[in-house]
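Counting with our numbering, you get residues 48 to 501 for the letters of the sequence shown.
Backbone N, C-alpha and C fix where the C-beta goes; we use that ideal spot for every residue, glycine too.
First the structure, in the form of structure tokens, and then the observations on it.
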Amino acid sequence: SDLLSLPDPMAGVEIHANIISQIISAAVDGRPLIRSWPEAVEGLWIIIWATVGAALTWQFRNPSKRLPEELVLSLSAASIALAASAFGAFLAGWWIPVVPPMLALVGSAAGITAYLAHGANQIRQTFGRYLSDQVVSNLLEDPDNLKLGGENRVITILTSDLRGFTALSEQLRPEQVVEILNLYLGFMSDVVNRYQGTIDEFMGDGILILFGAPNAQTDAADRAVACAIAMQAIMPEVNQVMRDRGYPEQEMGIGINTGEVVVGNIGSERRTKYSVIGSAVNLAFRIESYTTGGQILISDDTRQQVKNPLILQDATEVYPKGIKRPITIHTVTGIGGEYDLSLETESLDLLPLNPPITVDYVALAGKQEGAEQHSGRLEQLSAKTALLHIEGTEALNLLTNIKLLITTPTVAAEIRQSDIYAKVQSAGDADQTYIITFTARSPAVIDWMNGQLH
């Protein structure tokens, strides 16, 4: 008959015949009668197998979403042992339950797995706010990843920083500074996660992002460049929210470098941090320091690692502090291929000033001001750049940071007392002239300078 259909009913006389046959076989041939356990013993039998399932799952627990092979093999062995013991008992004349303890075995394992998954999700939500998702996942999947130590690996490092934010923060209340940072970092975190970067650290308004660690990525350089372009592309949206809340607009510079570093857990048994160490990291920060607002600079090592076509504006040879050899850095405005991202380039036409704006300026070495103050004048101006004519014979080096003070007597005291920061971008057409890009200005200075353009 069909296996899925109900069996044919057995006649009562046939049932009695089978019972009589078993009794005769037991009396004549010594065949044992089929016996069963009391309900209490059967209940204990089911509880034992439920305990076995829970114990095995707990012993081989894995908070990640996948089941470890050891657990699957152990549960399979337990199921086979249950079926074998029931069959052996049947041969010995005992009828013991099979399906209920099997369900208890699987059910307890599923329950413990669900409990661990819920706990892991809570851990991800909590520690994901302090560590990257990749770091948390690695720790949950393999507790051995908590051990101190590191490994050499080639990765791509992205660093970003808001231009002039330190000077701005001195003019705002602490809670306003925190609100601006939280807003900005919230946008940036979403972009970084989209390109599977690892946020290693927030440093005030700066971010250190890793591509290729802790999880290896064959396209780390491509992801880093695409992420940088996406971060710059979302800045207009960030600034729209800033304006809506009454805060000044922000500009961000990004530097990217690729090289060999040591990645791993650094610290002590009581306090450990997943981080990276190496000259490649330091160089990434150096490259970022050369940027102006809205700019992305990458090292030549990163350019060579990128597989997708890049849109490059220019190449500059620089001599970073602490680096024995000069390096070439490239300005990136787009990446093609699977990403197909590009930034709109601003037209910053310099307009002549009549009369020029007189200034005093000092060169900045790192975070320190130079010892000598010099005089000059701004002869041309745009929304973000100016043509600076300096007096004297001492030249300014390319990408040098300078601090300016306006000295024109007719300008309001508030403007003359405000520090203005800029970076030397290139030499002008005439001797002792330089194109500078403003990196930090107060809102009052920005409004005043924009007024000079009309």
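For this session: Using the Cα positions of Y321 and S216, report the straight-line distance between them to the nearest angstrom.
Result: The residue labelled residue 321 in the question sits at position 274 within the sequence shown. The residue labelled residue 216 in the question sits at position 169 within the sequence shown. Taking the straight line joining both Cα atoms gives about 29 Å.
Exercise. Going by the CB atoms, is the gap between A260 and R333 shorter than 8 Å?
Worked result: Position 286 of the sequence shown, counted from the first residue, corresponds to residue 333. Position 213 of the sequence shown, counted from the first residue, corresponds to residue 260. Contact flag unset, no.
Exercise. Between C274 and Y242, is the Cβ-Cβ spacing less than 8 Å?
Worked result: Position 227 of the sequence shown, counted from the first residue, corresponds to residue 274. Position 195 of the sequence shown, counted from the first residue, corresponds to residue 242. Cβ atoms of C274 and Y242: closer than 8 Å.
For this session: Would you mind working out which of G253, R210, G244 sits nearest N229, comparing C-alpha positions?
Result: If you number the sequence shown from 1, residue 229 lands on position 182. Here the closest residue by C-alpha is G253.
For this session: Taking 8 Å as the cut-off, decide whether the C-beta atoms of T203 and A102 are in contact.
Result: In the sequence shown, residue 203 corresponds to position 156, counting from 1. In the sequence shown, residue 102 corresponds to position 55, counting from 1. Taking 8 Å as the Cβ cut-off, T203 and A102 do not qualify as a contacting pair.
Exercise. If we call anything under 8 Å between Cβ atoms a contact, is V406 one with L452?
Worked result: If you number the sequence shown from 1, residue 406 lands on position 359. If you number the sequence shown from 1, residue 452 lands on position 405. Yes. Within cutoff.
For this session: Take the Cβ of F372 as the centre, count every other Cβ of all protein chains shown within 10 Å, and call the residue buried at 16 or more, exposed below.
Result: Within the sequence shown, the letter at position 325 stands for residue 372. Note that residue 372 is Arg in the sequence shown, not Phe. Exposed, since its Cβ has fewer than 16 Cβ neighbours within 10 Å.
Exercise. Which of the three DSSP states, helix, strand or coil, is assigned to Q472?
Worked result: For the purposes of this step, residue 472 is taken as the residue at position 425 of the sequence shown. Note: Q472 maps to strand in three-state DSSP.
Exercise. What residue range is occupied by the uninterrupted beta strand (DSSP E) comprising M235?
Worked result: The residue labelled residue 235 in the question sits at position 188 within the sequence shown. Per DSSP, M235 belongs to no beta strand (DSSP E); it is in the alpha helix (DSSP H), 221-241.
Exercise. Would DSSP call D55 helix, strand or coil?
Worked result: The residue given as residue 55 occupies position 8 in the sequence shown. D55: coil per DSSP, three-state reduction.
For this session: In angstroms with no decimal places, state the Cα-to-Cα distance between L163 and P147.
Result: In the sequence shown, the residue the question calls residue 163 occupies position 116. In the sequence shown, the residue the question calls residue 147 occupies position 100. Going by the C-alpha atoms only, they are around 24 Å apart.
For this session: Tell me, please, whether the stretch 343-357 touches the stretch 297-311 by the rule of three or more beta-carbon pairs shorter than 8 Å.
Result: The stretch 343-357 makes contact with the stretch 297-311; the number of CB pairs closer than 8 Å reaches 3 or more.
Exercise. Nearest-angstrom Cα distance between Y177 and L257?
Worked result: Numbered from its first residue, the sequence shown carries residue 177 at position 130. Numbered from its first residue, the sequence shown carries residue 257 at position 210. Its pLDDT being 47, under 50, Y177 is placed unreliably by the model, and nothing is read from it.
Exercise. Does the Cβ-Cβ distance between D396 and T375 come in under 8 Å?
Worked result: Locating residue 396 in the sequence shown gives position 349, where the first residue counts as 1. Locating residue 375 in the sequence shown gives position 328, where the first residue counts as 1. Not in contact: D396 and T375 (Cβ atoms no closer than 8 Å).
Exercise. Should T245 go down as buried or exposed, given a rule of 16 or more other Cβ atoms within 10 Å for buried?
Worked result: In the sequence shown, counting from the first residue as 1, residue 245 sits at position 198. T245 comes out buried.
For this session: Could you tell me how far apart the beta carbons of I382 and L388 are, in whole angstroms, since I believe they sit closer than 8 Å?
Result: Numbered from 1 along the sequence shown, position 335 holds the residue referred to as residue 382. Numbered from 1 along the sequence shown, position 341 holds the residue referred to as residue 388. Yes, they are in contact, since the Cβ atoms of I382 and L388 sit about 6 Å apart, within 8 Å.
Exercise. Between which two residues does the alpha helix (DSSP H) harbouring T265 extend?
Worked result: As a working mapping, residue 265 is identified with position 218 in the sequence shown. First-last for T265: undefined, no H or E at that position.
For this session: Whole angstroms is fine: what's the gap from S121's alpha carbon to R82's?
Result: Here the question's residue 121 lines up with position 74 in the sequence shown. Here the question's residue 82 lines up with position 35 in the sequence shown. Rounded to whole angstroms, S121 to R82 spans 30 Å at the Cα level.
For this session: Look at A139 and T104 and say whether their C-beta atoms are less than 8 Å apart.
Result: Looking up residue 139 in the sequence shown gives position 92. Looking up residue 104 in the sequence shown gives position 57. No; because the gap between Cβ atoms is not below 8 Å, this pair is not in contact.
Problem set entry | Beta-carbon proximity list for L400, same chain, < 8 Å, skipping 5 on both sides | Here residue 400 refers to the residue found at position 353 of the sequence shown. Here the set comprises L425, E426, Q427, L428, Q499.
For this session: Just mark H165 as buried or exposed, buried being the case when its beta carbon has 16 or more other beta carbons within 10 Å.
Result: The residue labelled residue 165 in the question sits at position 118 within the sequence shown. Exposed is the call here.
For this session: Please look up how many angstroms separate the CB atoms of P367 and L330, rounded, as I've assumed it's under 8 Å.
Result: Locating residue 367 in the sequence shown gives position 320, where the first residue counts as 1. Locating residue 330 in the sequence shown gives position 283, where the first residue counts as 1. With a Cβ gap of about 6 Å, P367 and L330 count as contacting.
Problem set entry | CB contact flag (N497, A430, <8 Å) | Working through the sequence shown from its first residue, we reach residue 497 at position 450. Working through the sequence shown from its first residue, we reach residue 430 at position 383. Result yes, Cβ atoms of N497 and A430 sit closer than 8 Å.
Problem set entry | Identity of the residue in P283, E284, D269, T339 nearest P356 by Cα | To locate residue 356, count along the sequence shown from 1; it is residue 309. Out of P283, E284, D269, T339, D269 has the C-alpha closest to the C-alpha of P356.
Exercise. When you compare only the Cα positions, how much space is there between V365 and G384?
Worked result: Taking the sequence shown and counting its residues from 1, one reaches residue 365 at position 318. Taking the sequence shown and counting its residues from 1, one reaches residue 384 at position 337. Distance from the CA atom of V365 to the CA atom of G384, rounded to whole angstroms, is 29 Å.
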